[in-house]
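Colleague: One structure coming up, written as C-alpha cells, with questions to follow.
2 protein chains.
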Amino acid sequence: MDLKDLHKEYKKYLGKKVEIEGWIKNHRKQKEFGFIDFNDGTCFKNIQVMYTNLLKEFEEITKLAIGSAIKVVGTLIESEGSGQLYEIKAESILLLGGVDEDYPLQSKGRPTREFLRSVGYLRPRTNLFQAVFRIRSVAAQAIHEYFQRHNYVYVHTPLITTTDCEGSDQMFKITTLDMNHIPMVDGVADFREDLFGRPTYITGSGQLHGETFAMAYKKIYTFGPTFRTENSNTKTHANEFWMIEPEIAFCDLNGLMDIEEEMLKFIVQYVLEKCPDEIDFCNQFVSKGLKEKLTKLVEAKFTRITHHEAVDILKKADVKWEFAPDYDEDIAKEHEKYITEYFDGPVFITDWPKDIKAWYMKVNADGKTVAAVDLEVPEAGELMGGSQREEDYDKLVARSKEMNVDMDAISWYLNLRRFGTCYHSGFGMGFERLIIYLTGVENIRDAIPYPRTPGSCEF
Amino acid sequence: MDLKDLHKEYKKYLGKKVEIEGWIKNHRKQKEFGFIDFNDGTCFKNIQVMYTNLLKEFEEITKLAIGSAIKVVGTLIESEGSGQLYEIKAESILLLGGVDEDYPLQSKGRPTREFLRSVGYLRPRTNLFQAVFRIRSVAAQAIHEYFQRHNYVYVHTPLITTTDCEGSDQMFKITTLDMNHIPMVDGVADFREDLFGRPTYITGSGQLHGETFAMAYKKIYTFGPTFRTENSNTKTHANEFWMIEPEIAFCDLNGLMDIEEEMLKFIVQYVLEKCPDEIDFCNQFVSKGLKEKLTKLVEAKFTRITHHEAVDILKKADVKWEFAPDYDEDIAKEHEKYITEYFDGPVFITDWPKDIKAWYMKVNADGKTVAAVDLEVPEAGELMGGSQREEDYDKLVARSKEMNVDMDAISWYLNLRRFGTCYHSGFGMGFERLIIYLTGVENIRDAIPYPRTPGSCEF
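Right under this line is the structure:
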C-alpha cells in the first residue's frame, strides 16, 4: 500500500495489520526499543514505526542506516508519544537494500543546495526536493486540468524544426552526421547526408505551430520542453526548460489577460489544496511568507497598466535606478520589482514599444506600440509574456520584412492569414519560473530535476 | 462562447440569443435562405446556422466560402429540418477572415491522407484530424489522470543528455558549434567550445533518470518527447515521438502487468466517454469495428504467457512463416499478429531470452531469460515494453560489462543499487502507437501533429 493512502484513511486502518515498503528517513534507537521515521515517497509526511526487543531481529534492526529500503509489517496503533496521532507497531522489519558507507545523504546537518546539485540523482530524497518536485508534478497537473476543463486541446508541437519564432542563432543544431567528418562543399557544411537532408534545430518555442492548431480548435495549449543556447550563468537561465504556450482564436489582449489571471489563480489554489505539507515546509524553510503570498494571490485583482504608465511611475519614483526608465526600452529587473511592490501584487504591463518585441505581434493603432503583455509577479518578476498576433496578411508580411524574418521558412505560417484568419492571442509561461514562484527556491537549477546550464550536463 | 458548451447545455440556450465565432465547414444556399454548417473547433459536432434574405447582408453572406472565419449572432431555436434538434437562426453574420482561392481544403471530395500531410498545418481542420488530434489530447489527459490519481509523481527527465540507455549511436547529436568550422584536434572534433563542453545528445529514453526519482517517490512517470535516428521509412517509425515511462519501486513483473492492464483500460474507457463523436467517426470512416474493439478491451482479461510458450504456439501453428519462430529470437510482426488473434485480445509475453534484451533487465533464476514483458494488442502489435530492473549492484555491474556498457557514463545509475536499492519495475509506451490503436489510423505520420521522418522535416 501507499503511505499516502494510509495517512488519508488512517482511521480505517487503526488496529489493523498493515504492510508497507519504503525508506528509513531517521532512526532513533534505545536499549529496548527503537523508532524509525519511515516514508515511501508517496507523500511528504513520514510515519513513525516503533519496534521493540521482542522482535527476534531486534539487534539487526537497530543497525539499519538512514536511506535503507525496508519492508515493514505491523499494526497501526494510536501513538502514545507526542508528535503523531498514530504509528506502526512493527511485527517484522525486513531489509531490502542497505546503504554503503559513502551515502552522501547520511550525514547529519543540512546539506547545501550546491552540494545537492552535485548529487542531483539523489537529491529528490531530501525534504526540500521531495517538496519541490512534488509541487512541480501537481502544478503540471493543475495546468492540464485548467485547460482541459476549459475545452482546450493539448498539442504536441514538434521539437525538431527548421523554423523558429525566436531566431535560429538561439537554437541548438542537431545532426546525425559524424562530427569528426562533416562533409563540406565549398567550405560550407553539406547536410544532404544528414537525416533530414537539411540543417535542423531543436525548438525554442511551439508558438507558430500552436497557432496552426488554434485555427482548427480555437483553444489549444502546448506543454513541453524548450531549448535556448544562451551562454549565461544566472539564477534564472537554463538551456533546457519546460514551457506552456496557450493560443486562443477569437481572443484579444484583454481576453488573454483574463485567461492568464484565471489560470494562475487556479494553479495556485490547486497546489495549496493538494500540497499543504509541501507548502508548509517551503514556507518554513525556504521562503518565509510564501504561503501568505500565494493565498493572497488567489484573491488579488491583478493590476493592468500600459508600458507608458509603468515608465511614468518609475520616473516619478524616488529611487536611484541602475538603468534609467525609458519609454522606448524594456524594463529592467529592478523596475519589475518596484512595480509589483508599488501595486502590492501581480501587474499586467501592456502595449510595449514595437521595436523591442517580436515580429508577429499586432501593432496598435498608434503605430508605435504592440498589443503585447507581460505579467509581473512579486519576487519572481516576469512570469508570462503574450500578445495579440497580427492576423492581417499584408501587415504581417510588411512587418516580417521590416524585421528581416526569413519569409520562405514561414510561408505556411503566413498562409494562416489567407485561409480563415481571425483575431487571436497567446502567451508563454516558463514552467520553472512558476515553480520558483510556488516554492520560493531562487535558482532555476533547483526547480528542474536535471538542470542543463552552460558547461553543466552531468547525469 | 464555445460551441461545446452550447451543445452540452442547449436546452438552457433555446430561445435565447447566442454569439459565437468559428469557421464555415459547409454552406448550402438557396434563393431566399441559406444554411451554414458551423464549428469553432471546440467539439466534433457542427451546428447549423440558418439565415434568410431578411438579413440586409444576405447577398454577401451567400458568397462566404468554406473555411471562412465568421461571427454569428442569432437565436438558438428548435430546428424544423431533419438531422438536428436545434440550430441558430442568424440575426447577423460577420466575416472575420475569408479564404483565398487557392485554399487547399475547399475542393469537394475527400482529400487523401498523403495530400493532407503536404498541407500539415491545415489538416487539423479536416474531420479526420479534428478527431485524431482531439483523441490525442484526451488520451494524454487520461494518462495524467490515471497516474496522478494513483499517487504517481510526474517527472520531467532531461532531453539533453550525455548518457542513454539505448546507446548513443541511435541518438541525435546536438551542438552550438559552427557546423562550417568544427574545431578539430588530431582529426577529432573538439567540444571544449561547445555549450556543455562535451558531446551531448537528445535523449531516446527517460528511464534511467526516471529510476532515480522512483527511488525517492516510489511511483513516478514521465511523458515527453523522445528521439531516435533510425533511418527507416515505415508506417510505424518516426524520429520524434512521445513516450510515457512509468517506474515503480517495490513492484515486480506481475505487479507491472497489473498496472499496464489497468492503465490501458482506464485510457480506453476515458476516451470512449469523452470522445464519443470522434470515435464514431473513426469507427465509420477509418477502421470498421474500432468501437467494438475498444469496448471489448475494457472488459477483457489480458492473457499472460512466456516467450517460450508463445514460440510453442507459433511452432505448432499451421502457418508458413516468413520468419521461423525461435526460442532464442525476437518475435516478428507476423507472430505478434498471430498471437493476439489466437487469444482474441491483448497478450503479455514475458521472460524473454536475455541476449535480445537490454542490459538493465533482471536476469531470471534460469540464467537465460530476463524478467521482461511486452504487451501485444490486436492490430497495433507491441504497445508497451517493460521489465523488472536488476536491483543488485554486483549483478548489474557484471551484466553491464558483458554488454559493453560505458560504465563511467552511468556510474550514478549504478549507485542507485548501493543506496537503498529495492526491487522495481517500469515500462515504456509509445504514445503514437496508442493513438494508432485508439483511432485506427495506420500511419504514425497521421498520429502526431508534425511528423519527423527521414528526409522529412517540413513546417
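In the order they appear, the protein sequences are chains A and B.
For reference, each letter of the first sequence is one residue, going -13 to 445 in this note's numbering.
For reference, each letter of the second sequence is one residue, going -13 to 445 in this note's numbering.
Cβ atoms here follow ideal geometry from the backbone N, Cα and C, with glycine treated the same way.
1) Looking at the secondary structure, which residues open and close the beta strand (DSSP E) in which B/Pro232 lies?
2) Mind listing which residues of the segment 78 to 99 of chain A have their C-beta closer than 7 Å to chain B's C-betas, in chain order?
3) Can you list, in chain order, the residues of its chain whose CB lies under 6 Å from that of A/Lys301, leaving out five sequence neighbours each side?
4) Would B/Gln34 pass as a contact of B/Glu73 if the rule is Cβ separation under 8 Å?
5) From B/Met347, B/Val141 and B/Asp266, pick the residue whose C-alpha is nearest to that of A/Phe417; which is it?
6) Do you know offhand how far B/Glu43's Cα is from B/Ser54's?
7) Residues of the segment 31 to 64 of chain A with a CB closer than 7 Å to any CB of chain B: list them in chain order, please.
8) Assuming A/Asn25 is part of the alpha helix (DSSP H), what are its boundary residues?
9) With H, G and I counted as helix, E and B as strand and the rest as coil, what does DSSP make of B/Phe413?
10) My output table needs one value for B/Ala55: the three-state DSSP class, helix, strand or coil.
11) Could you check if B/Asn12 is buried or exposed, using at least 16 other CB atoms within 10 Å of its CB as the buried criterion?
12) For A/Leu250, which option in A/Leu114, A/Phe334, A/Pro185 and A/Asp263 has the closest C-alpha, if you only look at C-alpha atoms?
13) With respect to 7 Å, is the separation between the Cβ of B/Ala366 and the closest non-hydrogen atom of the ligand GTP below this value?
14) Pick from A/Leu145, A/Leu242 and A/Leu80: whose alpha carbon is nearest that of A/Phe288?
15) Who are B/Ala175's beta bridge partners in DSSP?
16) I need the DSSP call for A/Ala200, collapsed to helix, strand or coil.
17) Kindly identify the DSSP beta-bridge partner or partners of A/Leu420.
18) How is the beta strand (DSSP E) around A/Asp337 delimited, first residue to last?
19) Buried or exposed: where does B/Arg184 fall if 16 or more other Cβ atoms within 10 Å of its Cβ makes it buried?
20) Does B/Arg178 pass the burial test, meaning 16 or more other C-beta atoms within 10 Å, or should it be called exposed?
21) Taking any Cβ of chain A, which residues in the segment 199 to 231 of chain B have a Cβ under 8 Å from it, in chain order?
22) In terms of DSSP beta bridges, what is A/Trp345 paired with?
23) Are the beta-carbon atoms belonging to B/Lys159 and A/Thr161 less than 8 Å from one another?
24) Tell me whether A/Ala395 sits in a helix, a strand or coil according to DSSP, three-state version.
25) When DSSP labels each residue in this structure, what does A/Leu114 get in the three-state scheme?
26) Could you tell me which whole alpha helix (DSSP H) segments of length 4 or greater appear in the segment 239 to 270 of chain A?
27) Determine the closest residue to A/Phe413 out of A/Phe21, A/Ser78 and A/Pro232, with distance taken between C-alpha atoms.
28) What's the C-alpha gap between A/Ser397 and A/His410?
29) Determine the direct distance from the alpha carbon of A/Ala358 to that of A/Asp238, and round the result to whole angstroms.
30) What are the boundary residues of the alpha helix (DSSP H) that includes A/His321?
31) Which residues share a DSSP beta bridge with B/Val139?
32) Where do the N-terminal and C-terminal ends of the alpha helix (DSSP H) with A/His13 fall, by residue?
33) My guess is that A/Leu50 and A/Leu81 are in contact by the Cβ rule of under 8 Å, so how many angstroms apart are they, rounded?
34) Please confirm if the segment 252 to 265 of chain B is in contact with the segment 120 to 133 of chain B, defined as three or more CB-CB distances below 8 Å between the two stretches.
35) So with Cβ pairs under 8 Å, would you call B/Asp26 a contact of chain A?
36) Under 8 Å between the Cβ atoms of B/Pro90 and B/Leu108?
Modeller: Working from what's here:
1) Glu226 to Ala235
2) Leu82, Gly83, Val85, Asp86 and Tyr89
3) Pro311
4) yes
5) B/Val141
6) 16 Å
7) Gly53, Ser54 and Ala55
8) No alpha helix (DSSP H) contains A/Asn25, which is instead part of the beta strand (DSSP E) from Phe19 to Asn25.
9) strand
10) strand
11) exposed
12) A/Phe334
13) Absence of the ligand GTP is noted for the structure shown, with no ligands found whatsoever.
14) A/Leu242
15) B/Met170
16) helix
17) Paired residue(s): none; A/Leu420 is not in a bridge.
18) Val333 to Pro339
19) exposed
20) exposed
21) Phe199, Met201, Ala202, Tyr203, Lys204, Lys205, Gly210, Pro211, Phe213, Thr215, Asn217, Asn225, Glu226 and Trp228
22) DSSP, once it has assigned bridges, lists no residue as partnering A/Trp345.
23) yes
24) coil
25) helix
26) 239 to 260
27) A/Pro232
28) 19 Å
29) 10 Å
30) Lys319 to Phe329
31) B/Ile206
32) Careful: A/His13 lies outside any alpha helix (DSSP H), inside the beta strand (DSSP E) at Lys3 to Lys15.
33) 6 Å
34) yes
35) yes
36) yes
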